[in-house]
Amino acid sequence: MPSWAPRCLRLSWRWRHVSHSREIRSMAKRKARSAKRSAKKPNRIVSYIKEVRAELRRVVWPSRRTTINLTAMVFGVTVVMSIAMGLVDWIFSKVFALIIG
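Numbering of the sequence shown is given in the numbering used here, commencing with residue 340 and proceeding in unit increments.
Here is the structure:
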């Protein structure tokens with residue numbers, strides 16, 4: 340056996356040991372990172388909910404009377420626009436019936 344063979348085998352063993360320990364360290368780092376991520380998620384969700392509640396407390400809500408008035412206005416405009424669109428449709432249908440008919 341050549342004189343360099345035992346030394347090469349020893350280096351090879353050491354390298355495998357170093358490589359194996361690097362893998363173990365990287366696996367440990369990955370586990371630590373995933374543990375941090377999983378620990379952060381509930382905190383982010385809880386903080387988001389707290390921020391939403393705080394924002395809703397700062398909102399200036401309209402009074403009941405204002406809400407009723409605005410709802411009636413939207414309903415009225417919707418009815419008026421529906422009647423107007425129906426009239427325009429009826430007029431166009433009569434005009435096209437005269438042209439084609």
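Virtual Cβ for every residue (Gly too), placed ideally from N, Cα, C.
From a predicted model like this one, the values you see are computed outputs, not experimental measurements.
Rounded to whole angstroms, what's the CA-CA distance from residue i to residue j? Just pull it up for me.
i              : j                 : result
isoleucine 363 : isoleucine 388    : 38 angstroms
serine 373     : arginine 383      : 15 angstroms
methionine 420 : leucine 426       : 10 angstroms
serine 402     : phenylalanine 414 : 18 angstroms
alanine 436    : aspartate 428     : 12 angstroms
leucine 395    : leucine 409       : 21 angstroms
Chain D beta carbons: is any one of them nearer than 7 angstroms to that of residue i?
i           : result
alanine 411 : Note that chain D does not occur in the displayed structure, where there is just one protein chain.
Report the three-state DSSP secondary structure of residue i (helix, strand or coil).
i              : result
glycine 440    : coil
valine 434     : helix
tryptophan 429 : helix
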